[in-house]
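J.: Heads up, the final residue of the sequence shown is numbered 191 in this note's numbering, and it's a clean run with no missing numbers.
All C-beta atoms, glycine included, are put in the ideal place defined by N, C-alpha and C.
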Amino acid sequence: MAEDQFPGWHGTTIIGVRKGGEVVIAGDGQVSLGQTVIKGTARKVRKLSPGGYDVVAGFAGSTADAFTLLERLEVKLEATPGQLARASVELAKDWRTDKYLQKLEAMLIVTDGEDLFVITGAGDVLEPEHDVTAIGSGGNFALAAARGMMDSDRDAETIARDAMAIAADICVYTNGRLTVERIAK
Numbered sequence: 007m008a009e010d011q012f013p014g015w016h017g018t019t020i021i022g023v024r025k026g027g028e029v030v031i032a033g034d035g036q037v038s039l040g041q042t043v044i045k046g047t048a049r050k051v052r053k054l055s056p057g058g059y060d061v062v063a064g065f066a067g068s069t070a071d072a073f074t075l076l077e078r079l080e081v082k083l084e085a086t087p088g089q090l091a092r093a094s095v096e097l098a099k100d101w102r103t104d105k106y107l108q109k110l111e112a113m114l115i116v117t118d119g120e121d122l123f124v125i126t127g128a129g130d131v132l133e134p135e136h137d138v139t140a141i142g143s144g145g146n147f148a149l150a151a152a153r154g155m156m157d158s159d160r161d162a163e164t165i166a167r168d169a170m171a172i173a174a175d176i177c178v179y180t181n182g183r184l185t186v187e188r189i190a191k
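1) Please determine if the region 95-115 and the region 72-83 are in contact, where contact requires at least 3 C-beta pairs separated by less than 8 Å.
2) Identify whether Ser-38 lies in helix, strand or coil by the three-state DSSP scheme.
3) If you reduce the DSSP assignment to three classes, tell me which class Arg-188 lands in.
4) Can you tell me the Cα-Cα spacing of Ser-55 and Gly-67, whole angstroms?
5) Comparing C-alpha positions only, which one of Gly-129, Asp-161, Gly-119 sits nearest to Gln-108?
6) Classify Glu-135 as buried or exposed, calling it buried when 16 or more other Cβ atoms lie within 10 Å of its own Cβ.
7) Would Gly-119 pass as a contact of Thr-18 if the rule is Cβ separation under 7 Å?
8) Taking all protein chains shown into account, decide if Lys-53 is buried (16 or more other Cβ within 10 angstroms of its Cβ) or exposed.
9) Starting from Met-155, follow the alpha helix (DSSP H) in both directions and report where the run begins and ends.
10) Please list, in chain order, all residues of the same chain as Asp-60 whose beta carbon is under 8 Å from its beta carbon, the five residues on each side excluded.
11) Counting C-beta neighbours from all protein chains within 10 Å, is the total for Tyr-106 16 or more, i.e. buried, or is it exposed?
12) Mind checking whether Ala-91 and Asp-121 have CB atoms under 7 Å apart?
Right under this line is the structure:
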């Protein structure tokens, strides 16, 4: 079911926060169709370990499309172990130029505990300027909340959880059922 077939499909907020030598990616569990919550416990943040190299990824958009992209990212990481930036750029190039991949509707936040990137189908590999990034329906709410907390004494996980709670209070397509993965370098 492509999002263009169901224009009322909404759901998800994913946030990545880098602070104090660690990176946390958190995502809510809600998937909605129009005004109806279809599922409240979806898991949109995953740990990948291609060749023993740990990477955490969160996705927004079509689940099947995101899984396809995550599989492709794993292949890129196996080909370039320890080089998340290079693997991300290679994935973005393929995504932008491959006719099959161009139809995929998803966005990714990825980290290896050091680098933090947003990867889009437009060929973008974006590194946040302020050590926080967010995607999805409530992404802008979570991003604003987290940016406001970055100068506090909160750690990365607390900032991510608190920002997601604020997004869930504002965005009807975001809930408080979080999956949180932490990784440090």
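T.: Reading from the atomic positions:
1) Yes: at least three Cβ pairs fall under 8 Å.
2) Here Ser-38 sits in strand by DSSP.
3) DSSP places Arg-188 in strand when its eight states are reduced to three.
4) Each residue's Cα considered, the two are about 22 Å apart.
5) Closest by alpha carbon: Gly-129.
6) Looking at its Cβ environment, which holds fewer than 16 other Cβ atoms inside 10 Å, Glu-135 is exposed.
7) The Cβ-Cβ distance between Gly-119 and Thr-18 does not fall below 7 Å.
8) Lys-53 comes out exposed.
9) Met-155 -> alpha helix (DSSP H) spans 145-155.
10) Cβ neighbours of Asp-60 within its own chain (closer than 8 Å, five residues either side excluded): Lys-53, Leu-54, Asp-118, Gly-119, Ile-189.
11) It counts as exposed.
12) Taking 7 Å as the Cβ cut-off, Ala-91 and Asp-121 qualify as a contacting pair.
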